[in-house]
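First residue of the sequence shown: 28, per the working numbering; consecutive thereafter. Glycine residues also receive a C-beta, built at the ideal position from the N, C-alpha and C atoms. Everything numeric in this text was worked out from a predicted model, so none of it was measured. Beneath this line is the structure, given in structure tokens, with notes to follow.
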Amino acid sequence: MSVNSFAQEKSVRFNTRIEKGGNGCGGANITITQNGKPFQTIVTNDDGKVKIDLPYGYNYLIVVSKVQLCTKRFEISTVNVPIDGNPQVFAIEAITLFELQKGIDYSVLNKTLVKAAYDKKSNSIDYDENYINQMLGELDKLRTIRGRSCS
């Protein structure tokens, strides 16, 4: 039987770069669950670049962490992506991790920061705009508090 006779599983390609201070963040852990079950664990190289294939038909939680740095969470749903459609790519330009400072409430980072799912109108994986705007507001508050504690 030839290799070509096997159907290749359709997936969304998730691209990003894990950074700290504008540089690639090597040694960051990326833990992915698929419908609540362990799917894949990755440790980044020094350049921090990540490419992950997420098979269609599932909900994924992607958790990015590194010792002594903040943890960030992202949800990507590949449910309802048409199997016969164009290949799908979803990218977050950079995921920035930073050092945690004592005395600051980081509980906002316990929440999912980005939610994305297939959008029929755009025929692509896209952000939940309302959710991301809400989270950006909360992250701005955290940024302001962190800025004050650094001065």
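Beta-carbon to beta-carbon, residue 128 and residue 170 are separated by about 12 Å, too far to satisfy the 8 Å threshold. Judged by beta-carbon spacing, residue 97 lies beyond the 9 Å limit of residue 120, meaning their Cβ atoms are not closer than that value. Under DSSP, residue 101 shares a beta bridge with 89 and 141.
Taking a 10 Å sphere around the C-beta of residue 93, we find 16 or more other C-beta atoms and assign the residue as buried.
The secondary-structure analysis by DSSP pairs residue 41 across a beta bridge with 79 and 117. Around the beta carbon of residue 46, 16 or more other beta carbons sit within 10 angstroms, so the residue counts as buried. For residue 64, the enclosing beta strand (DSSP E) stretches over residues 64-70. Taking the CA atoms as reference points, residue 135 sits about 19 Å from residue 57.
Setting aside the 5 residues that flank it on each side, residue 90 is surrounded in the same chain by 58 and 100, each with a C-beta closer than 6 Å to its C-beta; the list follows chain order. Comparing alpha carbon positions, the residue from 84, 165 and 41 closest to residue 132 is 165. In this structure, residue 62 and residue 86 form a Cβ contact; the two beta carbons are roughly 6 Å apart against a cut-off of 8 Å. Judged by their CB atoms, residue 70 and residue 54 are nearer to each other than the 9 Å cut-off.
Annotation for residue 152: the continuous beta strand (DSSP E) segment containing it runs 151-154.
Non-local beta-carbon contacts of residue 83 in its own chain, meaning distances under 6 Å to residues more than five positions away in sequence, involve 37, 105 and 108 in chain order.
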